[in-house]
Structures are given as structure tokens and as C-alpha cells.
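Since the structure comes first, as C-alpha cells, the remarks are kept for the end.
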């Protein structure tokens, strides 16, 4: 497949592994920020191919995993309203809220539908004028433009029975939160390629500058990831910290201005709670006041009591890179994809689920 | 409704004028409408000496060990590129019998129809059933038709059960699997699942991918005729895909399995669709596909036999049974890494981004 097979070439992979081996002299800890990258690392068995000096830790870039319990409870509360059709991306359905998941309330009769684009939900609203359609707008900067566009579109078309439950989170504040945590020790980041496709790379300059940490914007295929790791290791070994772009075939420095304009039209930056991590100031998007008619929180006057996270889940430590999934006492026993204690075990991009699905625990432990 | 090029009989609805454009509750009442629907439709089309007796059940004569299997079909959409629910219902039970090492002989056929199903659609489904059963060489000998109120079903559900006589050389059981055995996949995986998904509401994407639904019994018989005693296991990887069958096998046999990703045949378009949707083709459903686990010494011969057949022309050895890592399926990735292939929890859900 053009633009894919070249990046999965076994020969190129081998050469890159050798290059990394030649360059590396000391142990380095590198965090891949995006859950898609974690998924690819584990699915392709890349971690066991890397030299022992390199430890990969899995960042907070899984939108399903960081959506706080309270917001999932809000979605469930809305779905249980007989007048509401709740639309969501498939991933979110299995995530446990404080009492149940969307999949469970769907089985009990709630109208919950999987959509592939938020614009589908707008069409659904047009076709069901006597129902309220709520789209569960989850994701990082990557999904924000399309989710914002659905609001713009609904407004343009005069669709009044459409609103979104926004749970958007932003990557750079999360990276800063990790770097400022005294417990963490991350030498370098592979930044999330698709987030940068939208936002560009400029917003990472201040992080590189402030924390003296090399950041390499990286793609998702094996060759991308290994190239990203190599670029990071070269910087680390030289003792320099720069922002580099491995994913230049997709990511431009200024990002996608059109998409950014849509985000800025509909959303404003707000404080946000991250599941497992806690509140990070100015780390999310909320619907602007001008569009409050499309904000499900305002429309349905949502004001649910917040519920504490399950204390047995160490997802915070995992997403900050302090622990590996296999170091959790509940991994694979009390917590598994069927009965997840926390969100990282739910989404295929969650570090725990990726380890559970693809890793031989003995292989993984060697790399811990 | 789609035009299915596989149908050898052209649409020529002989249903009586008195009848309706759609199936109504009356068609399942057991009264005149049911009678007319069966008499002028089903019985006439699927005609054979057993069905013609129109008894409550069929009288069959079979010798030796028999295999018996049942399956229900609730697919949506009921018409999809490359087939419809009718041929799926026939091929499904035929293939389940073939996977037992049996020669499929007779099928039962039960419909649960939601009122409002277009008569024309019902007729096309029946035609597909007729064509598929003729092609597989099985007879439909008994059946049932029920109609449920609108909203209580999804257009049409079909159940088929099948009986077949065991092939004299067949001895298909997971206990016969042993380390060293080769695993052959009969063709390209994930084609059926992606063909169906391309038609799902809200997900329509343009593609020429067609379902590969077909009867596997003739090819399986040929393999059993030539290498029966060396074939240790057969299974069609329908729901849950190839990965699920592999996991069931390691669970039952207590051996390990090693797959080689680059050797597993997948159509390029199908692979592209999987990439786009965030699905792993290893877990996507298949129809006209089967897995053969064969003694290593006979693997090449079996593969050659498969290549001679249209259904098996893309067949490939995709891995082998091993004694290391018992109970676990491990796959060598395309780039040379290794990963575990586990059971999937619930449905495969497309990713957010």
C-alpha cells in the first residue's frame, strides 16, 4: 500500500535499529505521547527490538483514557434521557463510568449510536426533529476541528436539536505537567504526529526551551517511530535539545490553519480534569459562549456530583510514565478488557490494553 | 436490493397476483396467505422428493456416522456486495458440516420475517438459497416461516441446520494437532467482513470489495479424499476472524501457535479499508475461507491441491503449531518483531483518531 508499506519495510527497520544501536551509549527514557504510537510500538513488537539502553514510556495521548469519570457519567446521564439520541465514536462505548458504561445503558434501551463523523450526527438531528441529538465530542486537537465544524454546520443549517458534550484535551499542557512532576524522568518526547498536523509544531518551541528536552514530532508506522527514536537519541547523546520533525510528509510548521480557525471559532481553552492525572490548567477546549446553544452542558443544565476514581487503578502513574502496565498488581487479573478498572485497559490505544492484547508478558518484562 | 451476478436464475417472481407487495402478518398466520406463499414460492422453487411430501418433518436415510450443525443468520444489511443473507444461510451450515469432515446432505430452513419485508426481496433471497444449495449439492428438506410485527425483527432472520455423513478418511479433532503441523489459510482474510462494513449505515465507502461467501464442501472433500488422514483440523474463521480460531485452538490443544504476518494473504483494498477504520484484519469476519491444520509432511501437497481450485487459489501456509509458549498465539510482525495475538473483548470498535 502506497505511503504505508514503505514505512513497514523490514529492511529499513533493521537498518534503523542498527543505527540506534551504533549511536546509543547510555540509558535513555523516551516517552511517545500518542496512544496511536503506543499501539504501533506494541503491535509491531518494536520494544523488544530496541537496544536495552532505550526505555519507552507511554504517554497520556489516548483520548479515551484521559476522559474523566465525571464526563462519562454526564454522557450516560444524557443517554438515559428518553428524548436524547447520544452519538459517540465507537471507542467510548466500553469505557466504564462510575456505575456503568454507555454500552450497558445501550443494552438497557438507551439510544446510543456509533458514528464515524460528527457531521453524521448533524444529519441525524435533521432527520429526527423531535429528538435531541448529542454528540460526545471526545479527543485531542486532532478531532476538535471536525467536532467544531459540526457546530458551525448545525448553526448554518438552523438545526436547533443538536449539541455536543465536549471533552477535548490539549497535548502541550499535558507534556508540561509531566515534565514539572518531580517524580518523572523523561529524557525526550516523540510528539504526536496527528495532533501536530492540525496545530503545527510552533507550540512545542517553548517546552524545548524551558525544559531543555528534545522533542521529535513523529508518525505512527514502524519506520516513523524508529526514525523518531533515532533522532531523539542522536540529540540526547550530543547533549542538545531541539524540536525536530520526523513526520514532515504530513506535518507543517504552521499546521492546518483552516482547521485551527474552526477550532478557534467554536472553542475556547479551559481548565480540564484528566482521568488519572487530575486537573491541568488551560488543558482543554470548551464550547464558546457564542455557541452555548450547542453546548450540551448548558442545554441540559448538567451538574452531576463528581465521583472519585477507582483507587485500585494506577492509570495516572502509567500515563505519567512512572509505571508500566505490567507493574500494576491488578494487570491481567482483576483488571482486563472485559472488566476494566480504568480506561487505559479499554481503548485499543490505552497502554494497558495494548500490553494486554499484544504483549507476551515475559517479553515485556525484559524491557521494563 | 442489489443485483447479484452470482445468481444463475433471473428474477421472475411467480408469486400469485392475489398476494401483496410486502410480507404481512398474515403470511405467518398458517392460513391461506402462508399456504400460498409456500405453495407457489418456497416449495416450488426448492422442490425435491423430501420437501414435496410437505410433512411436519423429513424422512431421511443415512448410513454411518453423521455430523449435525445449526446456525442463525441475522446479518445487516441483508443484501451486500457479493451476496445476500440467503446464500450465507446455506453456505454457513454447509461449511460448518464440511469443517467437521462431513459431506453435507440435508438442510432445514427457517425464516423469521419482520412484516413489511418486500416480497421482491424475499424472492431474491429464496433464489439465492436455491442457487447456493444446488451449488453445494444439498437438499432443503424441512422448514418453517414465522412473521413478527414491525420493529420486532430486522427484515429477515434465517436459521439453517444441516446433516452430513462423515467422510471415511476424516478424523478432525483438536486433539490431533501436534507441534510441527502447518497452518494453511485457504484465501485472503477479512474480505467478507469489510464488504459488509462498507455497506453499513453511516459508513458507506466506495469499494469494489465483494463478500467471498461460498460453499467449501467440494474443496474440503477433495482434500480429504487425497490427504484425509493427515488433516488434523479444519475450521472456518467466521465471526472473530482468524485470530479467534487460533486462540480457541491453543486453548483446546494446549500447544502454541506461531503465525507469520507477511505470509497471511489479505487483499490490498481490504487492508486499506482496515487501516482507514482502525480494524485489525485478523479479527474481521470471513465467509468463504477455511483453515487447515495438516501434518508438515503433507503441507505442500495439500497446498498444491488447494491452488488448483478457484476457492483456494490464494491459499498460503501462515504459520505452524509449536510446543513453546503453550496456550499462546504469537505472530512475527512484518518488520520482524513478535507480538501476542489475543482474544478480542467484545466487538471490534473503530478508533477515535
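Chains as they are written, first to last, in the numbering used here: chain A, -9 to 358; chain B, 8 to 360. Every residue gets a Cβ at the ideal spot worked out from N, C-alpha and C, and that includes glycine.
DSSP, read as helix, strand or coil, puts residue 319 of chain A in coil. The beta-carbon of residue 334 of chain B is placed no less than 8 angstroms from the nearest beta-carbon of chain A. The alpha carbon of residue 291 of chain B has as its nearest neighbour, out of B:336, B:309 and B:243, the alpha carbon of B:243. For residue 262 of chain B, there is no enclosing alpha helix (DSSP H), as DSSP marks it with neither H nor E. For residue -6 of chain A, the nearest CB of chain B lies under 8 angstroms from its own CB, placing it at the interface with that chain.
Take residue 249 of chain B, set aside five residues on each side of it, and the residues of its chain with a beta-carbon closer than 6 angstroms to its own are 196 and 289, in chain order.
Here DSSP, grouped into helix, strand and coil, assigns residue 36 of chain B to coil.
Within the stretch 32 to 44 of chain A, those residues whose Cβ lies closer than 9 angstroms to any Cβ of chain B are, in chain order, 32, 33, 34, 35, 36, 37, 38 and 39. Using a Cβ-Cβ cut-off of 8 angstroms, residue 347 of chain B counts as an interface residue toward chain A, since at least one Cβ of chain A sits closer than that to its own.
Neighbourhood of residue 64 of chain A in chain B, by CB distance below 7 angstroms: empty, with the nearest CB roughly 18 angstroms away. Residue state for residue 312 of chain B is assigned as helix, using DSSP reduced to three classes. Excluding the 5 residues flanking it on each side, residue 303 of chain A has same chain C-beta neighbours closer than 6 angstroms at 331 and 332, in chain order. Between residue 23 of chain A and chain B, the shortest Cβ-Cβ separation is not below 8 angstroms.
For residue 126 of chain A, the enclosing beta strand (DSSP E) covers residues 122 to 129. For residue 105 of chain A, the CB contacts under 6 angstroms within the same chain, skipping 5 residues up- and downstream, are 77 and 111 in chain order. Among the residues of chain B, none has a CB under 7 angstroms from the CB of residue 16 of chain A; the nearest is roughly 24 angstroms distant. Taking 8 angstroms as the threshold, the shortest C-beta distance from residue 346 of chain A to chain B falls below it. Minimum Cα-Cα distance from residue 294 of chain B among the listed residues B:246, B:238, B:164 and B:268 corresponds to B:246.
Burial check for residue 314 of chain A: the Cβ neighbour count within 10 Å reaches 16 or more, so the residue is buried. A check of alpha carbon separations from residue 257 of chain A across A:282, A:168, A:199 and A:347 identifies A:282 as the nearest.
Leaving aside the five residues that flank residue 153 of chain B on each side, the residues in its chain whose CB is nearer than 6 angstroms to its CB run, in chain order, 35 and 119. In this structure, DSSP gives residue 187 of chain A a helical state, which the three-state scheme calls helix.
For the 8 angstroms CB-CB criterion, residue 34 of chain A and residue 212 of chain A form a contact.
In this structure, the alpha-carbon of residue 260 of chain B lies about 8 angstroms from that of residue 183 of chain B.
With a contact defined as Cβ atoms closer than 8 angstroms, residue 192 of chain B and residue 108 of chain B miss out at about 18 angstroms. Here the alpha carbons of residue 296 of chain A and residue 214 of chain A stand approximately 40 angstroms from one another. For residue 340 of chain B, the nearest CB of chain A lies under 8 angstroms from its own CB, placing it at the interface with that chain. At a cut-off of 8 angstroms between C-beta atoms, residue 349 of chain A counts as an interface residue with respect to chain B. The alpha carbon of residue 89 of chain B has as its nearest neighbour, out of B:136, B:199 and B:236, the alpha carbon of B:199. Taking the Cα positions, residue 62 of chain A is about 5 angstroms away from residue 87 of chain A. Here the alpha carbon of residue 143 of chain A sits roughly 8 angstroms from the alpha carbon of residue 109 of chain A. Residues of chain A with a Cβ closer than 9 angstroms to the Cβ of residue 327 of chain B do not exist, since the nearest Cβ in that chain sits about 17 angstroms away. Here residue 94 of chain B carries a helix assignment [DSSP, helix/strand/coil]. Take the alpha-carbon of residue 165 of chain B and the one of residue 91 of chain B: they are about 11 angstroms apart. With 16 or more other Cβ atoms inside 10 Å of its own Cβ, residue 162 of chain B counts as buried.
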